[in-house]
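Asker:
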Amino acid sequence: MLNAIEAFKRGLDVFLRWFCIILFVVLVLLVTWQVFVRQVLPLSGQEWTEVLARIVFIWQGLIGAAYVIGEKDDVAIDFLVSKLPGGGVKAMQILAHSIVAFFAIWVMCIGGGRLAANTMDDVVQLLPVSQGVIYMALPIAGGLIALYSVIHIIQTIYKPAPTVVDPNEMDLTDLTEESI
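Going by our numbering, the sequence shown opens with residue 6, and the numbers climb by one from there.
(1) With a threshold of 16 other CB atoms inside 10 Å of the CB of Leu143, please say whether the residue is buried or exposed.
(2) Could you work out which residue in Ala122, Gly137, Gln98 is closest to Phe128 when comparing CA atoms only?
(3) Suppose only complete runs of 4+ residues qualify. What are the alpha helix (DSSP H) ranges in the segment 93 to 133, listed by chain order?
(4) Could you tell me if Gln65 is buried or exposed, where buried requires 16 or more neighbouring beta carbons within 10 angstroms of its beta carbon?
(5) Quick check: the Cα distance between Val40 and Leu28, rounded to an integer number of angstroms?
(6) How should Ser49 be labelled, buried or exposed, when 16 other C-beta atoms within 10 angstroms of its C-beta is the threshold for buried?
(7) Give every residue of the same chain whose Cβ lies closer than 8 Å to the Cβ of Val134, excluding the five residues on either side of it in the sequence, and list them in chain order.
(8) Return the CA-CA distance between Gly16 and Trp53, expressed in angstroms with no decimal places.
(9) Within 10 Å of its beta-carbon, does Gly91 have 16 or more other beta-carbons around it, so buried, or fewer, so exposed?
(10) Can the beta-carbon of Ile10 be found less than 8 Å from the beta-carbon of Ile159?
(11) Grab me the residues of Leu57's own chain with a C-beta within less than 8 Å of its C-beta, minus the 5 sequence neighbours each way, in chain order.
(12) Is the number of C-beta pairs between the segment 114 to 126 and the segment 85 to 101 that are closer than 8 Å three or more?
(13) Buried or exposed: which applies to Ile104, given that a residue is buried once 16 or more other Cβ atoms fall within 10 Å of its Cβ?
(14) Cβ of Ile74 within 8 Å of Cβ of Leu21?
(15) With respect to the alpha helix (DSSP H) encompassing Asp18, which residues constitute its N-terminal and C-terminal limits?
(16) What separation, rounded to the nearest whole angstrom, lies between the Cα atoms of Asp79 and Leu46?
What follows is the structure in structure tokens.
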């Protein structure tokens with residue numbers, strides 16, 4: 006079961022990584038076009054690129070945050086947790102992932118979903134896009150974050166607890182300057 010979950014996670018990671026890369030490239034192209042049009046060409050009527058760049062930035066940031074959480078590259082202060090025995094580390098990791106999942110579901114999925122639903126009839130100025138489409142990034146990213154949190158909880162449960170090494174029991178006689 007763990008292998009299937011990890012294979013699914015790897016596929017999701019690859020998809021989200023490429024999705025964020027594509028969004029970033031689109032964002033760079035839009036901003037470059039804005040600068041080029043403003044500084045080189047005396048074209049007017051290109052204000053839509055600023056609005057579209059803002060939308061792409063929102064989506065890229067939220068989906069990128071979900072990807073970073075999936076990769077466990079988010080900011081975590083685990084100095085005290087690392088001092089706990091193996092079972093304590095697992096318990097704290099499960100608690101942390103549960104809190105993240107709760108936040109993602111409650112605030113991002115439910116709250117963001119309501120916000121998106123309430124603004125589906127509002128049209129973005131300068132673009133034929135519903136405001137709700139922009140806000141849909143919240144429940145989608147929240148769902149991804151919650152999914153990653155559940156995957157991390159399952160991995161934490163089924164993987165062996167990390168061992169804590171007492172620095173006083175370490176054999177440092179084999180260390181040389183070259184091996185460091």
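C-beta: ideal position from N, C-alpha, C; glycine also.
Answerer: Straight from the coordinates:
(1) Classification for Leu143: buried.
(2) Reading the sequence as shown, one finds Val at residue 128 and not Phe. Of Ala122, Gly137, Gln98, the residue nearest in Cα terms is Gly137.
(3) 117 to 123
(4) In summary, Gln65 is buried, with 16 or more beta-carbon neighbours lying within 10 Å of its beta-carbon over all protein chains present.
(5) 18 Å
(6) exposed
(7) Ile60, Val128
(8) 34 Å
(9) exposed
(10) Going by C-beta atoms, Ile10 is nearer than 8 Å to Ile159.
(11) Once the five neighbours on either side are set aside, the close Cβ partners of Leu57 are Leu35, Leu132.
(12) no
(13) exposed
(14) Not a contact, by the Cβ cut-off of 8 Å.
(15) 7 to 44
(16) 41 Å
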